[in-house]
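What follows is a single structure, written as structure tokens, with notes after it.
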Amino acid sequence: MGVALEEARAALATGDVPIGAVVVDASGVVLGVGRNVREADHDPTGHAEVVALRAAAATRGAWRLDGCTLVVTLEPCTMCAGAAVLARVDRVVFGAWDPKAGAVGSLWDVVRDRRLNHRPEVVSGVLADESTALLADFFAGHRAAGEGKQT
Numbered sequence: 143m144g145v146a147l148e149e150a151r152a153a154l155a156t157g158d159v160p161i162g163a164v165v166v167d168a169s170g171v172v173l174g175v176g177r178n179v180r181e182a183d184h185d186p187t188g189h190a191e192v193v194a195l196r197a198a199a200a201t202r203g204a205w206r207l208d209g210c211t212l213v214v215t216l217e218p219c220t221m222c223a224g225a226a227v228l229a230r231v232d233r234v235v236f237g238a239w240d241p242k243a244g245a246v247g248s249l250w251d252v253v254r255d256r257r258l259n260h261r262p263e264v265v266s267g268v269l270a271d272e273s274t275a276l277l278a279d280f281f282a283g284h285r286a287a288g289e290g291k292q293t
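Numbering (our numbering), first residue to last: 143 to 293.
Encoded structure:
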């Protein structure tokens with residue numbers, strides 16, 4: 143989770159929401175890292191998880207990431223939860239819960255849907271306080287910056 147938090151902090155430089163992700167293999171070797179790049183790349187799919195999964199697949203030379211763990215600072219959304227299922231990761235580990243868009247137990251539970259052909263293990267709340275604080279600070283800054291603007 144430490145690597146994912148570093149990636150999240152790096153997203154701040156481009157004005158992206160500070161979410162970071164990392165994919166590790168069964169031995170703990172980092173195969174791919176990612177951070178939100180929606181603003182930086184003008185890409186609606188530029189979520190940290192998607193970036194990390196793409197990097198891991200490129201490193202492995204295969205789209206199947208069985209034996210791997212996706213670690214992310216915020217509960218994945220529906221797109222990212224679906225990507226984790228499709229990549230066949232063994233587990234999804236996340237820090238902060240996302241009650242507005244979370245798809246790993248909050249709003250939806252995509253990864254444990256019995257209708258799907260793969261269901262990763264889920265570990266939640268890892269370094270949740272740090273992940274939550276990073277996001278809270280980011281959005282508090284955005285709200286404060288918006289107070290001076292006229293609509």
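Where a beta carbon is used, it is the ideal one built from N, C-alpha and C, also for glycine.
Through-space distance from residue j to residue i, alpha-carbon basis
i    : j    : result
L228 : H260 : 8 Å
P160 : P218 : 13 Å
W205 : C222 : 15 Å
H284 : A153 : 14 Å
L258 : A190 : 23 Å
A282 : L195 : 29 Å
W239 : S248 : 7 Å
T293 : S169 : Only weak support is given to the placement of T293: the predicted model assigns it a pLDDT of 40, under 50, and the value that follows is read from those uncertain coordinates. If you take the alpha carbons of T293 and S169, they lie about 52 Å apart.
V265 : R230 : 16 Å
V145 : F280 : 19 Å
A286 : A155 : 18 Å
Cutoff 7 Å; reference residue i; Cβ partners in own chain excluding five residues on either side
i    : result
D232 : D208, G209, C210, T211, P262, E263
G157 : E181
R202 : L173
A150 : P160, I161, G162, R177, T215, L276
A225 : E191, V192, L195
Strand pairing of residue i, partner residues [DSSP]
i    : result
A263 : As written in the sequence, residue 263 is Glu, which differs from the Ala given in the question. According to DSSP, which records beta bridges pairwise, E263 is partnered with R233.
T211 : V166, R233
D251 : V246
V172 : V166
L216 : A238
R256 : DSSP lists no partner for R256.
Sequence-distant residues of its chain with Cβ nearer than 6 Å to residue i (five each side left out)
i    : result
L277 : none
T187 : none
V171 : none
Residue i CB to nearest heavy atom of the ligand ADP below 6 Å
i    : result
S248 : Looking for the ligand ADP in the displayed structure turns up nothing, as the structure carries no ligands at all.
Same chain, Cβ closer than 8 Å to residue i, five either side skipped, listed in chain order
i    : result
A197 : V165, L173, G174, V175, G176
V268 : M143, V213, V235, F236, G237
E148 : G162
Inset, instruction - Count the C-beta pairs between the region 242-258 and the region 175-189 that are closer than 8 Å, then say yes if the count reaches three, no if not. - result: With fewer than three CB-CB distances shorter than 8 Å, the region 242-258 does not count as touching the region 175-189.
Inset, instruction - Mind the definition here: the region 246-258 touches the region 267-286 only if three or more C-beta pairs lie below 8 Å; say whether that holds. - result: No: fewer than three Cβ pairs fall under 8 Å.
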